[in-house]
Structures are given as structure tokens and as C-alpha cells.
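Following: one structure in C-alpha cells, then a few remarks.
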Amino acid sequence: MSITTGSAEGATERVDHDERTCIAPAPVRTPDTLAAAGDLLRALAAPVRIAIVLQLLESPRCVHDLVDALAVTQPLISQHLRVLKAAGVVHGHRQGREVVYSLVDDHLAHIVVDAVAHVEEEAHA
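The working numbering applies: residue 41 is where the sequence shown begins, and numbers increase by one.
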């Protein structure tokens, strides 16, 4: 089947189109890439970890800052930070006796912010 399409300049062109395909296929990612993305999303898939990412988006924080802000015990905050650190979401650097945690980059924070915004929009719809 051929389709005639218009262009911005007003010219038309004929495109041969396989009738079995509606649109061009999306790029296929490697299994390793998909597995790594799944691991990353699993690391973010806990309410406390989402809250930690949102806190760290505002500014770097030490464990006791997160304990105070989130009203979660120190061992639980530390456990969640270990998961986020292993997934490459956060990193910590020693500052005196404290370890200050920050986001590795803002890309992952945007995933969390968008997910929270989506839920809040749905709740008000």
C-alpha cells in the first residue's frame, strides 16, 4: 500500500507502507539495559525511599536529618540508604563524624517527582 504525505514545503511524497505495521517500531533496548532499568525502578519502589529521594532533591542530608524529617527509625533509614546507594541513586561523603547523602543526579529524582505528581493529580481528578 502506498500513502501520499505532505511536507512543510507543500510537496508530497509517496511512502510504501506495509499493511501489517501501523507505526515504525520503537528502538529495542538490550536485555542488560532493561534489567538494569528494572533494578533501578525496584530500588525506588518503596515509600520511604521515595521520601528520601524527595528530601535529597531539596538538599544533601545526613542520616539524622532524614530520621527527623521522615519520622522513621535510624536503622530503617540506613537500610533504605544502602539500597539506594547500591542502585546508584545516592552517594555519601564523610563530613566529620557524619555521612552526608546526596543524589547522584537529578534524572532519577524527576522519575520520583513525576510519579508523585501523577498520583496527586489523580487524587484531585
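The beta-carbon is built from N, C-alpha and C at its ideal position, and this holds for glycine as well.
Alpha-carbon to alpha-carbon, residue j and residue i
{"i": "Ser118", "j": "Val103", "result": "7 Å"}
{"i": "Val123", "j": "Ala83", "result": "6 Å"}
Exposed unless 16 or more other CB atoms sit within 10 angstroms - verdict on residue i
{"i": "Leu116", "result": "exposed"}
{"i": "His133", "result": "exposed"}
{"i": "His164", "result": "exposed"}
{"i": "Leu148", "result": "buried"}
{"i": "Leu121", "result": "buried"}
Proximity of residue i and residue j at Cβ, strictly below 9 Å
{"i": "Arg101", "j": "Ala109", "result": "yes"}
{"i": "Leu97", "j": "Leu143", "result": "yes"}
{"i": "Tyr141", "j": "Leu106", "result": "yes"}
Residue(s) in a DSSP beta bridge with residue i
{"i": "His104", "result": "Its beta-bridge partners do not exist; DSSP assigns none."}
{"i": "Gly132", "result": "Tyr141"}
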